[in-house]
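In my numbering, the protein residues as written are 61 to 232.
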Amino acid sequence: MLRQEVDFAEIIEALYRQTNSDLGGHGVLLTSIGTDGRPNVMTIGWGLYGWFYHQHPVAVAAVRPACHTHKLLDEVGEFVLCVPTDGIADAVAFCGSESGRDYDKFKETGLTPVASALVKPPSIAECPIRVECRIYHRQRPPHYILTPEHREMPLEQQHTIYFAEVLGTYRA
Ligand SMILES: Cc1cc2nc3c(=O)[nH]c(=O)nc-3n(C[C@H](O)[C@H](O)[C@H](O)COP(=O)(O)O)c2cc1C
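Right, here's the structure in full:
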């Protein structure tokens, strides 16, 4: 598989656009993996990306404890952000509504897991932009980062905020 390393600055706009519904996006796919080696993929619509005095750019994602992904991120503190094309919108919707506890979402959607360069979770062959990340800080609530509606949920149900360094950015 041809994979070209690119500067994060080249893809940050596409990543933001696809993450954010206000910019016309439908969500980005986040892959994770358990210590048993089984990968999972979920859709995220909340993300902050940029350069915050780190050597590497930073990606910040928010995942609810109810998600299977949350358990996997506890086990292996790495993830890959995969920017989908419009052609796989159905798969993105499935990964955003069904859980890896109940389905092998790669099998169900036909998305193809491929080895990442620097982290254990796979990248997705059908996604032309992949951002490989390693978590350096997990922030449990109360963190006041999300909306007032989110903060009405019991604390234990509110999202964990993951701060991760971007180890590598690739186009395929
Ligand atoms: C467009 C879209 C964006 C979403 N964004 C998030 C998000 O940022 N954080 C989150 O915890 N769940 C988000 N979800 C919901 C999860 O993707 C959903 O709960 C998923 O089934 C979790 O999968 P898992 O249990 O396999 O981890 C989003 C769903 C959609 C459709």
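Glycine is no exception: its CB is placed at the ideal position from the N, C-alpha and C atoms.
Since we're looking at a predicted model, the values are computed, not measured.
Delimiting residues of the alpha helix (DSSP H) encompassing residue i
i: A149; result: 149 to 155
i: Y76; result: 68 to 79
Any non-hydrogen atom of ligand 1 closer than 7 Å to residue i Cβ
i: V191; result: no
i: F104; result: Reading off the sequence shown, one finds Ile at residue 104, where the question assumed Phe. Yes, the beta carbon of I104 sits closer than 7 Å to at least one heavy atom of ligand 1.
i: V143; result: no
i: T91; result: no
i: G160; result: yes
i: C127; result: yes
i: R200; result: no
i: A153; result: yes
i: G156; result: yes
Opening and closing residue of the beta strand (DSSP E) in which residue i lies
i: Q199; result: 189 to 199
i: E216; result: No beta strand (DSSP E) contains E216, which DSSP labels as neither H nor E.
i: I104; result: 99 to 104
i: I205; result: Where I205 is concerned, there is no enclosing beta strand (DSSP E), given that its DSSP letter is neither H nor E.
i: F139; result: 138 to 143
i: A119; result: 118 to 123
i: T91; result: 88 to 93
Anticipated Cβ contact below 8 Å, residue i with residue j, distance rounded
i: V226; j: V136; result: That pair is no contact at about 17 Å.
i: T103; j: V152; result: 5 Å
Nonlocal neighbours in the same chain, by C-beta distance under 8 Å from residue i, ignoring five residues either side
i: N100; result: T91, S92, I93, G94, H128, T129, L132, G160, K165
i: E168; result: F154, E158
Sequence-distant residues of the same chain with beta carbon closer than 6 Å to residue i, five excluded per side
i: D82; result: none
Spatial neighbours of residue i in its chain, beta-carbon cut-off 7 Å, leaving aside the 5 residues before and after
i: V123; result: T129, H130, L133, H219, T220, Y222
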